[in-house]
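Heads up: the structure comes next, in structure tokens.
In the working numbering, the protein residues as written are 2 to 205.
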């Protein structure tokens, strides 16, 4: 009976209810086969995005921008929704453009940037335009705050809070964008095998 249901409802939904990055929460998320949890998503906001390649949940992205008019992924680009990737990965020139825009410090040889944790509220929103809709990441969404031991950086003992920008530059030429947990954590995600779409909706 279950197998027949899944044959008729070939989709699975992944809501990342830990979007607040609360690592101490008892519930980190939810995986549903053959349906979705309508108590978690504003169903009317789900936007089915046609896949350009089903094998990788790949789709066309219209662009990435800020409210001040900066643009990346100009003229559109390919993107992949990947639950197995932590950060948002993109072409080096675009990612470094975003990092420079928000004033991130990039150490030589590294693909990610760091910001002063006290500046998070002053950073700009990053807007992803997909299938004629806008998906906005606020600074609190795309900044990853971690505590590390100062000793690792040859400092005094104790804990040090470090804020990373959740974007990483790919070393592959003409790389596609990979929307990992930093992006997916903001939305309710539905992967639909049946009609070949991926949808992002607002969490309640």
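From the three backbone atoms N, C-alpha and C, an ideal C-beta is built for every residue, glycine too.
Query raised in the report: Going by the beta-carbon positions, is the gap between residue 186 and residue 87 smaller than 7 angstroms?
Result: no
Requested in this report: Please report the residue range of the beta strand (DSSP E) in which residue 52 lies.
Outcome: 48-54
Query raised in the report: Which residues mark the beginning and the end of the alpha helix (DSSP H) in which residue 64 is found?
Result: Note, residue 64: premise wrong, no alpha helix (DSSP H); beta strand (DSSP E) at 64-66.
Query raised in the report: Hey, would you say residue 102 sits closer than 7 angstroms to residue 83, going by beta carbons?
Result: no
Requested in this report: Kindly list the residues whose CB is nearer than 6 angstroms to the CB of residue 5, restricted to its own chain and excluding five residues on each side of it in sequence; keep chain order.
Outcome: In this predicted model, residue 5 has a pLDDT of only 49, less than 50, meaning its place in the structure is not dependable; the value taken from the coordinates is given anyway. If we look at residue 5 and ignore the five residues flanking it on each side, it has no Cβ neighbours.
Query raised in the report: So what's residue 92 in DSSP terms, helix, strand or just coil?
Result: strand
Query raised in the report: Between residue 52 and the rest of its own chain, which residues show a CB-CB distance below 7 angstroms, the 5 nearest in sequence each way excluded?
Result: 58, 59, 60, 197, 198, 199
Query raised in the report: Which residues in the same chain as residue 47 place their Cβ atom closer than 6 angstroms to its Cβ, once the five residues preceding and following it in sequence are excluded?
Result: 200, 202
Query raised in the report: Helix, strand or coil: which one does DSSP assign to residue 101?
Result: helix
Query raised in the report: Taking the alpha-carbon positions, what's the residue 111 to residue 178 distance?
Result: 18 angstroms
**Report entry** Three-state secondary structure assigned by DSSP to residue 45
**Finding:** helix
**Report entry** Where residue 36 falls, given that 16 or more other Cβ within 10 Å makes a residue buried
**Finding:** exposed
Query raised in the report: Nearest-angstrom Cα distance between residue 151 and residue 38?
Result: With a pLDDT of only 46 at residue 151, under the threshold of 50, the placement of this residue in the model should not be trusted; the figure read from the coordinates follows. Taking the straight line joining both Cα atoms gives about 42 angstroms.
Query raised in the report: Excluding sequence positions up to five away, which residues of its chain have a Cβ less than 8 angstroms from the Cβ of residue 90?
Result: 96, 168, 169, 170, 171, 176, 178, 179, 181
Query raised in the report: Using a Cβ-Cβ cut-off of 6 angstroms (strictly less than) and excluding sequence neighbours within five positions of residue 124, which residues of its own chain qualify?
Result: 103, 140
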